[in-house]
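Taking it in order: structure first as structure tokens, then the write-up.
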Amino acid sequence: MSAIRPLCVAAVMLALPGLGRITLEAQVPRDPTPVVAKTSPADIAAGKVLYEATCSKCHGLDGGGSDGPSLQGVAERLGDEAVGNIIRGGIPGTGMNGFGSLSVDETGQVVGYLRTLGRTADAEVAKGDPGKGKAVYESSGCTGCHIVDGSGGGVGPELTRVGSMRGPSYLRATLLTPGAILPKEAGAMERGRFTQFLFVHVVTKDGHSFEGTRVYEDSFTIEIKDAAGKFHGFKKLDLQKLEKLPGRSVMPSFKGTLSDTQLDDLVAYLASLKGTPTP
Amino acid sequence: MRAIRYALILLSLVVPAISLAQTPVPYERIVKSDSEPANWLTYGGNYYDQRFSGLKQLTPQNVGGLKLAWAYQPSRPAGNVETSPIIVDGIMYVTEPPSTVTALDAHNGAKLWTWSPVMHNVVAIGLFQTNRGVAVMDNRVYVATLDAHLVALDAKSGAVLWNTVVADNKLGYAITGPPLAIDGKVMIGTGGSEAAVRGLLDCYDAKTGKRLWRIWTVPLQGEPGSETWGNSVPAGGTTWNAAAYDPKLNLVYWGTGNPAPDWNGDERPGANLYTCALLAIDPDAGKVKWYFQFSPHETHDWDASEPPVLFDDVINGKPRKLVGFANRNAFYYVLDRESGEFITGMPYAKQTWAKGLDAKGQPIVLPDTGPSPEGNLVFPSITGAINWTSNSYSPLTKLFYVDTREMGSYFVKGTSTKWEMGKFPMGAGGERALSGDDAYGAIRALEATTGKMKWEFRLHSPSWVGTLATAGGLVFSGTDEGNFFALDAESGKPLWEIYLGSSLRSNPVTYAVDGKQYVFVTAGTTYFVFGLP
């Protein structure tokens, strides 16, 4: 009698920030009880212990990626069951071993803990009215630069799931002082994790000046996106000046342009944007 | 006679215009590899592991004209591509993740044969499912597999000549590094320190695969050296990367990895011999002639597994046989490779854990620089100021070219030191790396005899690409973002760059076929070769 449990292979579409969209084949126990994130404080604490013992070596203590990819936001994108299957079954041909020794409940605790990773620490509860906030969002020009559920402009970051990653305090601070707190991109293998939306000013050797948000940089090249959403690429050797200016942003501040109530409502609307798992 | 003539005519019709000599590579030829720079006969180019090529066709004046010659892509690579090829008389032997060997026509990338092991339920803890290269000697290609076998393949066909189990993969032994083939022998080390295996180094008969000797890198309890482990069961000290060899001294130089568990050393008080050390081994006797421990009682995962580089120079008016070692702990060391005597050492990257080195090369460790429960910021990071990638040394510039990682980590001490062989050490800790805009990389040129930096070329982020130095006056390396580039070996000035679209994760090499010099590197899962048009 073989002790090896029969396995089947399921294709999972995994979209990780910075890695694009890749297809992974997860080994899934043939008769799995679906894993559901366990999110009580005790479960999350237990999940943290399991995560640090089992997962952190490859995925980093904060889930931001180390030898393995970032797991921040992975449960929001894939859903608890798919993440649970990967944890228990592994992904053949990658460094991701299956951890079949974890029970369904323990796996749920790990997934529950994963759901807490990468969020900005934020104890504030949104006090505004999300419905009214949506109207503020639409009347304040936000749709010109941000996409929610497929609608809007692509100059700034998509906000479809912003409420699952950012809390009300963070959202409020960003609306009032854009660029004051900049998130880090996801990364793997101690790489990436650069500051996102970093404001950059460059002057070419022939005297032309450009400014915008850094979208790409390597040792030889930098690419920025200006306030109109236009991309500009430069060879660093062709620049006379390259300034990185954290604190500045192409996004305007809403300080003084929205009432406190409007601001509360807008924050409540943004905090309500949780998206749905990728189908 | 007529039949032979017809056969020859027929052969002339089917044999391509390129003929591949496929000459065997006896040991004596590898010893003199510097005399045939068109070939790249060992992992590090020569036994001294210098990654220096005598080829001069590419120069600072013409390197800007490099263009893609060919590219090769494995059909379905499963893991990181980190291979460093061997090139013999127009044939290139590469590996593909996890443990496949493929022979390519070095003129055009055409696949000549390929071999893959059959592996089931491989245990790979704390390491990448990759393979960094083969060894070639006589008419055999040697490869070690992720499931800890050592295999000899026929160089002409890829057929298995012998297949020997080095260690039990279920316990966590896994191999990603290249074997070392010397006169009649093949040596191989393993990984697995994160699985708390007992480190070993093996030597096999090159013809039969029979094991000749084994050196355990950490003692059993009660054996000599166990007094450096307190009451704990010694574990770790694995031998997972490349080695160097001095044929005249008949000494092999092999680095060892961290003690286990990594980030909590409470249960293993003492120096933890022979972890984080360089071993000089007599390959005939299977004995350690001398050792030099860089990081006693290591708790930051700073393996001393970097490939050692052998070179000769004059120090204080006296000719010396030396070994240069850029350690993961951010210090560069120069040792006498005959005796193991410490000659000099200095940091080549930011480090905050030691005041310096004493007269014997031992670190003067600063207080409160170990992992702590809440996380203690220390430079360099867990992956070190360098990791598995190879350095190069040019006997022309007498410079040592290091792919340097400038990054710190918050080191976290785990709450438990319990471990079981074959499993992750539970709760032993880890890091939060200070990466992104807080980190950077650099190609640094150090004076090989002193470690003093002559120049640096800064990189956007710490990279995982070794360096290659050439007699043409060039240094090649790459970036984690995907740039492959050439620098002036004397000044570090950038001379050529191309973006390859994905992280480079290999040591570049150079070779020549039909009188033309080429440069090889991998990016993502593609193998690229560049030459002048």
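So the protein lines, in turn, are chains A and B.
When you line the first sequence up against this note's numbering, it's residues 1 to 279, in that order.
When you line the second sequence up against this note's numbering, it's residues 1 to 533, in that order.
Every residue gets a Cβ at the ideal spot worked out from N, C-alpha and C, and that includes glycine.
Please read all numbers here as calculations on a predicted model, not as lab measurements.
Supposed contact pair residue j and residue i - C-beta distance, whole angstroms, cut 8 angstroms
i, j, result
"residue 184(B)", "residue 206(B)", "5 angstroms"
"residue 177(B)", "residue 115(B)", "Going by Cβ atoms, the distance from residue 177(B) to residue 115(B) rounds to 18 angstroms, so no, they are not a contact pair."
"residue 192(B)", "residue 238(B)", "5 angstroms"
"residue 160(A)", "residue 263(A)", "Incorrect: roughly 21 angstroms between the Cβ atoms, too far for contact."
"residue 379(B)", "residue 357(B)", "So it is not a contact: roughly 16 angstroms between Cβ atoms."
"residue 519(B)", "residue 504(B)", "The pair is not a contact, with the Cβ atoms about 12 angstroms apart (cut-off 8 angstroms)."
"residue 150(B)", "residue 230(B)", "Not quite, the Cβ-Cβ distance comes to about 34 angstroms (not below 8 angstroms), so this is no contact."
Alpha carbon of residue i to alpha carbon of residue j, nearest angstrom
i, j, result
"residue 218(B)", "residue 325(B)", "21 angstroms"
"residue 468(B)", "residue 182(B)", "23 angstroms"
"residue 16(B)", "residue 114(A)", "Below a pLDDT of 50, predicted positions are generally treated as unreliable, and residue 16(B), at 48, falls in that range; no measurement from the model is reported."
"residue 46(A)", "residue 73(A)", "19 angstroms"
"residue 392(B)", "residue 309(B)", "8 angstroms"
"residue 202(A)", "residue 239(A)", "7 angstroms"
"residue 171(B)", "residue 85(B)", "29 angstroms"
"residue 31(A)", "residue 236(B)", "Because the pLDDT of residue 31(A) is 43, which lies under 50, any placement of that residue in the model is unreliable, and the question is left without a value."
"residue 40(A)", "residue 93(B)", "54 angstroms"
"residue 485(B)", "residue 477(B)", "6 angstroms"
"residue 204(B)", "residue 118(B)", "22 angstroms"
"residue 140(B)", "residue 154(B)", "5 angstroms"
"residue 438(B)", "residue 510(B)", "34 angstroms"
"residue 88(A)", "residue 193(A)", "27 angstroms"
"residue 105(B)", "residue 69(B)", "12 angstroms"
"residue 345(B)", "residue 329(B)", "12 angstroms"
"residue 532(B)", "residue 61(B)", "12 angstroms"
"residue 320(B)", "residue 268(B)", "37 angstroms"
"residue 435(B)", "residue 35(A)", "33 angstroms"
"residue 493(B)", "residue 131(B)", "32 angstroms"
"residue 284(B)", "residue 80(A)", "57 angstroms"
"residue 225(A)", "residue 340(B)", "55 angstroms"
"residue 465(B)", "residue 402(B)", "10 angstroms"
"residue 150(A)", "residue 228(A)", "19 angstroms"
"residue 245(A)", "residue 200(A)", "6 angstroms"
Residue i, DSSP secondary structure in three states
i, result
"residue 238(B)", "coil"
"residue 520(B)", "strand"
"residue 169(B)", "helix"
"residue 149(B)", "strand"
"residue 201(A)", "strand"
"residue 85(A)", "helix"
"residue 254(B)", "strand"
"residue 453(B)", "strand"
"residue 48(A)", "helix"
"residue 58(A)", "helix"
"residue 241(A)", "strand"
"residue 169(A)", "helix"
"residue 217(B)", "coil"
"residue 87(B)", "strand"
"residue 203(B)", "strand"
"residue 505(B)", "coil"
"residue 175(B)", "coil"
"residue 34(B)", "helix"
"residue 255(A)", "coil"
Contact list for residue i against chain B, beta-carbon separation under 8 angstroms
i, result
"residue 184(A)", "436"
Beta-carbon neighbours of residue i, restricted to chain A and to distances below 9 angstroms
i, result
"residue 483(B)", "218, 219, 220 and 221"
"residue 479(B)", "218, 219 and 220"
Within chain B, partners of residue i - CB distance below 9 angstroms
i, result
"residue 62(A)", "432"
Within chain A, the residues that residue i reaches when beta carbons sit closer than 8 angstroms
i, result
"residue 460(B)", "217, 218 and 219"
"residue 164(B)", "By Cβ distance, chain A contributes nothing, its closest Cβ being about 25 angstroms from residue 164(B), past 8 angstroms."
Partner residues on chain B for residue i, Cβ-Cβ distance less than 7 angstroms
i, result
"residue 56(A)", "430"
Chain A contact residues for residue i, given Cβ-Cβ distances below 7 angstroms
i, result
"residue 497(B)", "220"
"residue 412(B)", "61"
CB contact check: residue i to chain E, cutoff 7 angstroms
i, result
"residue 195(A)", "Absent from the structure is chain E; the protein chains it does hold are A and B."
Per the contact definition of three or more C-beta pairs closer than 8 angstroms, is the stretch 136-144 of chain A in contact with the stretch 95-102 of chain A? No, the stretch 95-102 of chain A is not in contact with the stretch 136-144 of chain A.
With a cut-off of 8 angstroms, do at least 3 Cβ pairs link the stretch 66-83 of chain B to the stretch 30-39 of chain B? The stretch 66-83 of chain B, when compared against the stretch 30-39 of chain B, does not touch it at the 8 angstroms Cβ threshold.
Check whether the stretch 362-374 of chain B and the stretch 396-407 of chain B touch, using three or more Cβ-Cβ pairs below 8 angstroms as the test. They do not touch, by the three-pair rule.
When the Cβ atoms of the stretch 261-271 of chain A are set against those of the stretch 160-168 of chain A, are three or more pairs found closer than 8 angstroms? Yes, the stretch 261-271 of chain A touches the stretch 160-168 of chain A.
Can at least three beta-carbon pairs, one atom from the stretch 279-286 of chain B and one from the stretch 252-268 of chain B, be found at a separation below 8 angstroms? Cβ pair count under 8 angstroms is three or more, so yes.
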